[in-house]
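Trainee:
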Amino acid sequence: ITWFAQTNDTFQVQQTPSLSPTVIWNSFSNIVTYTGPPVPGNGLFSFFDNGSQYPFGPTRFYRVLLYSQGTNSVVTPINNGSPQTNSVPANSVVYYSVSVPTNAIAATNLFSLAAGPLNLWFNQTTLPVPANPPDSLLLGGAVSGASSVLITNGMPPLLPGQTYYLAIQNTNNVAVNYVFGVNFETVATGPVSNLVFSAGIIYTNISGTNGFLIHWLAPTNDTFQVQETPSIVPSVTWNSFSNIVTYTGPVVPGNGLFTFFDNGSQYPFTGASRFYRMLLVSSGSSTGSLVIASQPNYVATKLQLFSMTNSATDSNPLATLDYTLGDLPTPSTTPAINSANGVISWTPGSGDAGGAYKFTTVVTDNNVPQRSATNAFTVFVLPAPSLSRASVTTTNVTLSWTAHTNDLFQVDWATAISPPVAWSPFPATVVYTNGAVTFTDTNAPKVNKFYRLIWLPLP
Numbered sequence: 016i017t018w019f020a021q022t023n024d025t026f027q028v029q030q031t032p033s034l035s036p037t038v039i040w041n042s043f044s045n046i047v048t049y050t051g052p053p054v055p056g057n058g059l060f061s062f063f064d065n066g067s068q069y070p071f072g073p074t075r076f077y078r079v080l081l082y083s084q085g086t087n088s089v090v091t092p093i094n095n096g097s098p099q100t101n102s103v104p105a106n107s108v109v110y111y112s113v114s115v116p117t118n119a120i121a122a123t124n125l126f127s128l129a130a131g132p133l134n135l136w137f138n139q140t141t142l143p144v145p146a147n148p149p150d151s152l153l154l155g156g157a158v159s160g161a162s163s164v165l166i167t168n169g170m171p172p173l174l175p176g177q178t179y180y181l182a183i184q185n186t187n188n189v190a191v192n193y194v195f196g197v198n199f200e201t202v203a204t205g206p207v208s209n210l211v212f213s214a215g216i217i218y219t220n221i222s223g224t225n226g227f228l229i230h231w232l233a234p235t236n237d238t239f240q241v242q243e244t245p246s247i248v249p250s251v252t253w254n255s256f257s258n259i260v261t262y263t264g265p266v267v268p269g270n271g272l273f274t275f276f277d278n279g280s281q282y283p284f285t286g287a288s289r290f291y292r293m294l295l296v297s298s299g300s301s302t303g304s305l306v307i308a309s310q311p312n313y314v315a316t317k318l319q320l321f322s323m324t325n326s327a328t329d330s331n332p333l334a335t336l337d338y339t340l341g342d343l344p345t346p347s348t349t350p351a352i353n354s355a356n357g358v359i360s361w362t363p364g365s366g367d368a369g370g371a372y373k374f375t376t377v378v379t380d381n382n383v384p385q386r387s388a389t390n391a392f393t394v395f396v397l398p399a400p401s402l403s404r405a406s407v408t409t410t411n412v413t414l415s416w417t418a419h420t421n422d423l424f425q426v427d428w429a430t431a432i433s434p435p436v437a438w439s440p441f442p443a444t445v446v447y448t449n450g451a452v453t454f455t456d457t458n459a460p461k462v463n464k465f466y467r468l469i470w471l472p473l474p
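If you use our numbering, the sequence shown corresponds to residues 16 to 474, in order.
1. Do residue 234 and residue 180 have their CB atoms nearer than 8 Å?
2. Out of 132, 337 and 30, which one is the CA nearest neighbour of residue 38?
3. Less than 8 Å between C-beta atoms, sequence neighbours within five positions excluded: which residues of the same chain meet that for residue 458?
4. Count the other CB atoms, across all protein chains shown, that sit within 10 Å of the CB of residue 424; report buried if there are 16 or more and exposed otherwise.
5. Does the beta-carbon of residue 297 have 16 or more other beta-carbons within 10 angstroms, so that it is buried, or is it exposed?
6. In terms of alpha-carbon separation, which member of 375, 367 and 373 lies closest to residue 398?
7. Report yes or no: do the stretch 95-103 and the stretch 180-198 share at least 3 C-beta pairs separated by less than 8 Å?
8. Using DSSP with H/G/I as helix, E/B as strand and the rest coil, what is residue 42?
9. Considering only the alpha carbon of each residue, which of 122, 47 and 243 lies closest to residue 112?
10. Could you pull the start and end residues of the beta strand (DSSP E) that residue 404 belongs to?
11. Would you mind sorting residue 286 into buried or exposed? The rule is 16 or more other CB atoms within 10 Å of its CB.
12. Report the option in 116, 117 and 158 whose CA atom is closest to the CA atom of residue 135.
13. Cα separation between residue 223 and residue 137?
14. Have a look at 318, 379, 432 and 262 and flag the residue whose alpha-carbon is nearest the alpha-carbon of residue 327.
15. Enumerate in chain order the residues of its own chain whose CB-to-CB distance from residue 271 is below 6 Å, with the five nearest sequence positions on each side excluded.
16. If you drop the 5 nearest sequence neighbours on each side, which residues of the same chain put their C-beta closer than 6 Å to that of residue 337?
17. Return helix, strand or coil for residue 264, following the three-state DSSP convention.
18. Return the chain-ordered ranges of every beta strand (DSSP E) run that is complete within the stretch 216-299 and spans a minimum of 3 residues.
19. Look up residue 97 in the DSSP assignment and say whether it is helix, strand or coil.
20. With a threshold of 8 Å, are at least 3 pairs of Cβ atoms found where one atom belongs to the stretch 415-429 and the other to the stretch 464-471?
21. Would residue 25 pass as a contact of residue 61 if the rule is Cβ separation under 8 Å?
22. Among the residues of its own chain, which have a CB less than 7 Å from the CB of residue 190, if the five just before and after it don't count?
23. At which residues does the beta strand (DSSP E) containing residue 373 begin and terminate?
24. Where does the unbroken beta strand (DSSP E) through residue 333 begin, and where does it stop?
25. Less than 8 Å between the C-beta atoms of residue 150 and residue 226, yes or no?
26. So, for residue 352: in the same chain, excluding its five sequence neighbours on each side, which residues have a beta-carbon less than 6 Å away from its beta-carbon?
27. Put residue 476 into one of helix, strand or coil per three-state DSSP.
28. Any idea which residues DSSP pairs residue 345 with across the strands?
29. Using three-state DSSP, classify residue 160 as helix, strand or coil.
30. Rounded to the nearest angstrom, how far is the Cβ of residue 416 from that of residue 452, given a contact under 8 Å?
31. Under the three-state reduction of DSSP, which class applies to residue 92: helix, strand or coil?
32. Nearest by alpha-carbon distance to residue 46: which of 19, 67, 79 and 74 is it?
33. If you follow the beta strand (DSSP E) that residue 179 is part of, which residue opens it and which one closes it?
34. Mind checking whether residue 258 and residue 275 have CB atoms under 8 Å apart?
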């Protein structure tokens, strides 16, 4: 088969054994490009059918389809939530490849703007050729609109972790500019294969209140959060309902019917449309997690602001976290914590100098069931306690210093302080209780002996 065309175009050839009564075109896998010397204008294209891909019958008809025109990319990868502004030439097709996240449950393919009517074709495994089975027409003659591909009950189904292909077809005699994008719905936790998704929406009246009853099937030990948006074109802003939806029927293995009634009280019905989605908060196969980062011990100075920030991570990215202080210390001034971000602020008073104070942070989420996590650290307030006196007898050395109630200390000794110093700790930890702190070394031979005081974190 030979034909003349622009040398920078590419083509796909199709064949069919019959033109009546129903035509089924079969696509050859070869994409035909120009092989002669590159020249401006037209060149001779050729395709040789040897019968290896489709054996010869009594008759055979051929057609040649424009695969890409001019400088258009053959296949353009498109990312989740990144709209593409492009132009499709007259009577031509442009192609996109879409990588599906492993936790995706739905993909929304949408035109937010097109200067003329365009067709959107879909194929799960190869480049779609318009009007060629098993390609699927997602949108026909559209200047705007959205079409979803679902994980289980869509036709064709979405395949997480794989790639599907889209063709934007322009049947007009002029080029058409457009804006096109793909948005994925994903589950928050758990493998997507565990989610059996079948949903519906009913406008109804419950207890005298009109609203929308959303219902879906899922494993009975899962929990969900419902979101709504008034529009999915051109950009989506999802609003989360505060209710966490759990299964309320008899607990049985496998799937059960979940329901959520939107009566408009949280997000009033003001627009012409409303869209919903259900997000997996926790999966029965996984309890989820809430983790707060550990903190080192800190040193603060009296009358100066001390501040530190906690960091917690919840396996449910939609969870609301609440921070509080547990085991609150009792200095002369009261510490504060921001309940939303975990920032602790404290200005130690003059009476706090030389004290050690234990801080315990508690973070909780709003999952069902609720999770919590804690961390703990000590804040030492300068100036630090120091040895003030040493009393020496024939065999004993008694050390004295002052400190705050419940401060902990360790006393070390050495016979020389020239580097490297070999410090040896006394076995007992000194706890201040009341009055001046003293410690007696009852084994002090008549040699040079040096002592040091170590201020310990609170347990």
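For each residue, glycine too, the CB sits at the ideal point set by N, CA and C.
Bear in mind that the values here come from a model prediction, so they are computed numbers and not experimental data.
Mentor: Reading from the atomic positions:
1. no
2. 30
3. 410
4. buried
5. buried
6. 367
7. yes
8. strand
9. 122
10. 404-407
11. exposed
12. 158
13. 44 Å
14. 379
15. 235, 262 and 264
16. 354 and 379
17. coil
18. 224-234, 238-244, 254-260, 270-277 and 290-297
19. coil
20. yes
21. no
22. 102, 103, 104 and 105
23. 371-379
24. Careful: residue 333 lies outside any beta strand (DSSP E) and carries neither H nor E.
25. no
26. 338, 340 and 359
27. The question about residue 476 has no answer, for the chain in this structure spans 16 to 474.
28. DSSP output for residue 345 lists no bridge partner at all.
29. strand
30. 5 Å
31. strand
32. 79
33. 178-185
34. yes
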